[in-house]
Structure formats: structure tokens, C-alpha cells
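Numbering (my numbering), first residue to last: 5 to 435.
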């Protein structure tokens with residue numbers, strides 16, 4: 005468990021907070037490119053790390069992320085006119101470009117140079133992988149954009165969605181990196197046994213979890229014995245600080261060349277935007293249903309109400325659409341959609357989970373290690389250092405799942421696939 009102060013340190017991400025300072029050292033996914041479909045289109049509201057922002061695409065197609073509040077009289081720039089390479093406040097006509105510079109101030113006399121002294125907070129953006137990314141940290145410490153493999157494949161080889169989760173970001177992250185909960189929360193009765201992953205989950209309810217610390221976070225595996233004839237089902241992931249998880253594609257017979265993951269980006273202390281991506285790295289296109297993430301609980305216009313701010317249609321107000329008859333006969337939870345199941349249990353822990361009351365076990369190694377890494381990142385940044393996960397070594401990581409002969413050392417067997425050809429590093433020791 006954590007102390008009250010440790011829990012507060014990790015959960016709070018607004019301006020001036022310790023974890024907020026860590027978060028601001030990373031590029032964060034902020035928008036899907038199609039949310040700003042064309043130059044001079046209407047601006048949209050954005051809330052990120054507790055800050056109210058506004059995004060717009062200027063006449064040249066560049067994306068700006070500005071403080072929502074005009075520095076003149078604090079009117080909302082969301083109502084601004086997006087015209088001629090700038091966003092013009094409708095209150096007094098002050099106009100700002102994507103860099104935050106005031107480029108026109110018609111309410112002042114022509115001879116005034118006041119506009120040259122005024123700026124609005126603007127954050128750098130980068131656009132790739134069908135997404136707009138934002139960096140909110142010190143400019144002199146800005147890292148290169150995180151062009152991970154999944155962001156570089158063609159559009160038809162990748163599917164990306166996002167959904168609001170109504171709880172603190174750490175609850176989402178910890179739920180995602182917890183491999184053992186899949187034995188229960190995501191278990192299916194109907195049709196189980198046809199896939200080795202289902203058989204492994206049913207046969208090994210207490211999976212053996214190993215965590216291998218790295219300089220970007222850690223690699224970890226859930227190891228489940230299938231049978232003496234088949235061996236061990238090993239599902240190996242990557243946690244990349246502070247909020248990424250890379251996971252295998254799922255269902256072993258369909259998985260070759262496919263991977264997926266999540267990014268838990270704080271909207272504020274009590275709300276999170278969960279980014280969900282899946283992609284193929286073998287040069288093949290994904291099926292449309294895979295790009296849409298059908299069945300995951302993350303499908304736009306089916307599970308997620310896009311017009312209502314990317315909110316899930318299954319929510320606390322309707323008990324996440326739980327069906328008790330389905331729960332009795334077909335699935336462990338009775339809640340439709342894999343990630344809807346995650347949101348149901350994580351949201352209902354409370355807006356910010358009270359971790360002082362937990363009792364963690366041996367299969368919680370990944371969660372315990374993530375907390376240690378994040379608390380250490382806080383100390384490193386406070387001391388003027390760089391947090392983990394900023395380097396180019398994270399760009400070619402891949403998750404992997406395989407059935408290996410019983411008791412095979414999975415790190416030796418899977419290392420070249422986890423690190424795309426890199427030689428085995430014996431210095432990384434599992435805990």
C-alpha cells in the first residue's frame with residue numbers, strides 16, 4: 005500500500021504538483037487529427053493536466069494549443085474567430101497565432117506597440133500517427149516526439165480510439181498493467197477453451213508474474229501453465245513511463261504481426277482520457293472491425309458517444325449495462341466490452357482510490373514496481389534530472405505472447421522479439 009502523501013503525490017497532476025511536473029516532460033496525445041478537419045475550422049476545447057486549453061488549425065494547416073483564456077480580460081478563446089493564421093478573441097478582437105504571439109490588437113491605437121508585449125500560453129504540437137501531440141514542459145528540455153512504431157504504420161494498418169474515464173489516471177494505468185485480473189474480469193464461459201489464452205487463464209488463475217526493470221520502465225510477463233503437453237502461455241508486455249502500456253494483440257492464433265496498447269492521459273485529477281491503439285507491424289492491413297476496435301468497449305458511435313465528448317455510453321448511471329443473466333451463464337462480469345469492464349471496476353473505486361487501505365499480493369508485482377518508478381521519477385525531476393522513457397530506445401519495443409515449453413526462461417526465448425533484434429541483456433534482473 006501507499007502512504008496518504010505518496011498517493012496524493014502520484015494522483016495529483018495539475019500545475020505546480022510534483023507528478024504534474026513529471027507528466028509535463030513528455031509528449032502527450034491530445035486530439036485525433038480529424039477533430040480539426042481542415043484549416044480555419046472551428047476551434048475545440050481541450051482539458052489536459054488540469055489546464056483549460058483551446059485547439060485550432062490555422063490557415064496553413066498548423067495546429068495550435070493555447071490557454072483557453074485571453075490574456076486581455078480572460079474571455080474564452082473557444083468562441084474566437086479562426087481566420088488568417090490566428091485565433092481572434094471575439095471580446096475585443098485580439099488575435100493570437102499558434103505560437104501564442106499577439107499578431108493583431110485592433111482595440112489599441114495604431115501607433116501602440118502593446119501587442120508586441122503580450123502573449124498567451126501556447127504549447128508545442130506535433131502531428132503524426134493520425135493524432136495531435138502536445139508538450140507542456142520546459143522548452144529547453146523538450147524531447148523529440150515519441151514516434152513509436154504504432155504511430156508510423158499506414159492508416160489502414162492501425163486503429164485508434166479514445167474514451168473518457170471518470171477516475172484518476174493512476175487507476176486506469178494500474179488496471180491496465182495488472183495481468184492477473186484478466187483471469188477473472190475478462191473471462192468468458194461460452195466458447196472458452198477454443199483459444200490457448202482462454203485455457204491458460206482458466207487453468208492458472210494465479211498467474212506467475214515477473215517484472216524486469218529497464219531504463220524506460222519495465223518489461224513484464226504473466227506466465228500461465230496450459231498443460232504438460234502444451235507448456236506455458238507467456239504474455240509479455242512493456243510499461244513505458246509514465247502512462248504507456250504495450251500489450252500483445254490477443255488470441256494467439258490471430259495475433260501474429262499484431263500489437264496493441266493504451267495511454268492513460270490525465271484530463272485532471274479525477275478524469276482521464278484513455279487512448280486505445282491496435283496495429284499491424286507485418287505490412288498487412290487490419291480488418292475494419294479491428295481498426296474500429298469492435299467488442300472492446302472502445303468503438304466510436306457504438307460504445308463511445310463522440311458527440312458527447314468521447315464519453316462511454318456504459319457508465320455508472322446505468323451500471324455499465326451489466327446483464328446478470330449473461331454474468332450467470334456467459335461471462336464472469338456480465339458487462340459488455342473488455343475495456344468497459346475495466347472502466348466499471350476502476351471508476352467505482354472512487355475518483356481517487358484510497359491506496360492506504362489496499363492489501364497487495366505477490367501477483368501485484370507490476371503495480372508495485374510502477375509506483376516505485378513513478379515516485380522515483382518525481383524525485384529525479386525535482387532534483388533537475390530526466391525521468392525515464394524519453395529516449396529513442398522505446399520506439400521499437402514490441403509486446404509478444406507465445407506458448408513455450410514448461411519452465412522455459414521467457415526473457416531468453418522472447419528477448420529478440422520484445423526488443424526487435426536486440427541482443428539479450430543479462431543485466432536486467434526479474435523481480
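Beta carbons: idealized from backbone N, C-alpha and C, even for Gly.
- Sequence-distant Cβ neighbours of residue 386 in its own chain, meaning closer than 8 Å and more than five residues away, are 22, 25.
- Between the stretch 366-384 and the stretch 232-248 there are three or more C-beta pairs closer than 8 Å, enough to call the two in contact.
- Just so you know, the alpha carbons of residue 303 and residue 315 end up roughly 11 Å apart.
- Counting C-beta atoms within 10 angstroms of its own C-beta, residue 337 has 16 or more neighbours from the protein chains shown and is therefore classed as buried.
- Between the stretch 48-68 and the stretch 197-207 there are fewer than three C-beta pairs closer than 8 Å, too few to call the two in contact.
- Along the stretch 113-139, the beta strand (DSSP E) occurs as fully enclosed runs of 3 or more residues at 129-132, 135-139, listed in sequence order.
- Taking C-beta atoms as the reference points, residue 138 and residue 34 count as a pair closer than 9 Å.
- In this structure, the alpha-carbon of residue 6 lies about 11 Å from that of residue 357.
- If you keep only unbroken beta strand (DSSP E) runs of at least 3 residues inside the stretch 275-343, you get 275-284.
- Following the DSSP letters along the chain, one finds residue 156 inside the alpha helix (DSSP H) bounded by residues 153-156.
- Runs of alpha helix (DSSP H) with 4 or more residues, each lying fully within the stretch 166-201, are found at 173-181, listed in chain order.
- In this structure, the straight-line span from the alpha carbon of residue 165 to that of residue 279 is close to 6 Å.
- Straight-line measurement puts the Cα of residue 238 at about 31 Å from the Cα of residue 171.
- In this structure, the straight-line span from the alpha carbon of residue 114 to that of residue 80 is close to 25 Å.
- With fewer than 16 other CB atoms across the displayed protein chains lying within 10 angstroms of its CB, residue 160 is exposed.
- DSSP places residue 227 in the uninterrupted beta strand (DSSP E) bounded by 221-231.
- Annotation for residue 38: no beta strand (DSSP E) segment contains it, and DSSP assigns it neither H nor E.
- Here residue 409 has 235, 236 as same chain residues with Cβ atoms under 8 Å from its own Cβ, once five neighbours each way along the sequence are excluded.
- From the listed residues 192, 223, 294, the smallest Cα separation to residue 416 is found for 223.
- Your pair residue 228 and residue 262 does not check out as a contact, with CB atoms roughly 20 Å apart and the cut at 8 Å.
- In the three-state reduction of the DSSP assignment, residue 99 falls in the strand class.
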